[in-house]
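Asker: Just so you know, the sequence shown maps onto residues 634 to 792 in our numbering.
We treat Cβ as the ideally placed atom computed from N, Cα and C, and that holds for glycine.
Please find one structure pasted underneath; my questions will follow.
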Amino acid sequence: MKNKMKKVLAILMAVMTMVLIGCTGVMAKSQSIKNGTYKVTVNFWKADQNKASMSNPSLNKTAKLRVNNGKMTMTIYTHPMTYGKQSAALQEMKVYNGKGWTQARVVSRDKKGNPSAFSFPVYKKTTYIPIQVNPHVKQMGNTYLDARLKISWDTLKKA
Ligand code: HEM
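Shown next as structure tokens:
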């Protein structure tokens, strides 16, 4: 009798596990975006407050997103901005990848040599991705500063 109970319990557990795996599989699928190239609205957001970062004017609000079998790669477009009397552009950026930081690749530069586009992996479909930005500005310590990339997924459109 005990053995029979054990067997029934084991079968029940196996069925429950299968249902669970099935559910998460469907969820993962419905969350993933079809292969293709898309446009999406982005903003530089403060790391610790729900408002735009002072760096936001240096970012073009339309980014490009390439999706290939669930793997997402984003390209953002940047340009110099003025703050007070000084002009500066984003020079280096690191993007959170779920475990650590990935250095964004500079994929184009303007005539003065400032980066004008950065490319990097998007580790998941989330609204706020932590980033670290360094515009090489003396007043800011010429170092990486914490911010977030805000992705407005509701604006995603085929490019
Ligand atoms: C144009 C010349 C710039 C000057 C003089 C400047 C100066 C400053 C100063 C004084 C702060 C600390 C106080 C504050 O929040 O206002 C700050 C914060 C910050 N700056 Fe800049 N900055 C410049 C450009 C940039 C650029 C181009 C970026 C990146 C693309 C950037 C990214 C940040 C970030 C992430 C913070 C932390 C606070 C926040 O996100 O608003 N800055 N900057």
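Determine the contact status of Asn767 and Gln724, defining contact as a CB-CB distance below 8 Å.
Answerer: Residue mapping note: residue 767 aligns to position 134 of the sequence shown, counting from 1. Residue mapping note: residue 724 aligns to position 91 of the sequence shown, counting from 1. Yes, they are a contact pair.
Asker: Take every Cβ of the region 740-749, pair it with every Cβ of the region 783-791, and state whether three or more of those distances are shorter than 8 Å.
Answerer: Counting Cβ pairs under 8 Å, fewer than three are found: no touch.
Asker: Measure the CB-CB distance between Thr711 and Ala722 and report whether it falls below 8 Å.
Answerer: Counted from its first residue, the sequence shown places residue 711 at position 78. Counted from its first residue, the sequence shown places residue 722 at position 89. Yes, the pair counts as a contact, with Cβ atoms nearer than the cut-off.
Asker: With distances taken from CA atoms, which of Tyr777, Ser691, Lys679 and Gly774 is nearest Pro713?
Answerer: Walking along the sequence shown from the start, residue 713 turns up at place 80. Among Tyr777, Ser691, Lys679 and Gly774, the Cα nearest to that of Pro713 is on Ser691.
Asker: On the DSSP bridge assignment, give the partners of Ser749 in chain order.
Answerer: Along the sequence shown, read from residue 1 onward, the residue named residue 749 stands at position 116. In DSSP, Ser749 forms no bridge with anything.
Asker: Taking 7 Å as the cut-off, is the CB of Lys694 close to at least one heavy atom of the ligand HEM?
Answerer: Your numbering for residue 694 matches position 61 in the sequence shown. It does not: the Cβ of Lys694 is nowhere closer than 7 Å to a heavy atom of the ligand HEM.
Asker: Identify, in the order they occur along the chain, each residue of the same chain with its Cβ nearer than 8 Å to the Cβ of Ala685, setting aside the five sequence neighbours on each side.
Answerer: Position 52 of the sequence shown holds residue 685. Once the five neighbours on either side are set aside, the close Cβ partners of Ala685 are Asn676, Phe677, Trp678 and Lys679.
Asker: DSSP three-state call for Lys744: helix, strand or coil?
Answerer: In the sequence shown, counting from the first residue as 1, residue 744 sits at position 111. In the structure shown, Lys744 sits in coil (DSSP, three-state: anything other than H, G, I, E or B).
Asker: Please identify the residue among Lys727, Val770 and Thr759 whose C-alpha is closest to the C-alpha of Tyr716.
Answerer: Residue mapping note: residue 716 aligns to position 83 of the sequence shown, counting from 1. Nearest C-alpha to Tyr716: Val770.
Asker: Going residue by residue through the region 663-715, where are the continuous beta strand (DSSP E) segments of at least 3 residues, counting only ones entirely within it?
Answerer: Runs found: 669-679, 695-701 and 704-710.
Asker: Using three-state DSSP, classify Asn636 as helix, strand or coil.
Answerer: Counting from one through the sequence shown, the residue named residue 636 turns up at place 3. In this structure, Asn636 counts as helix in the three-state DSSP scheme.
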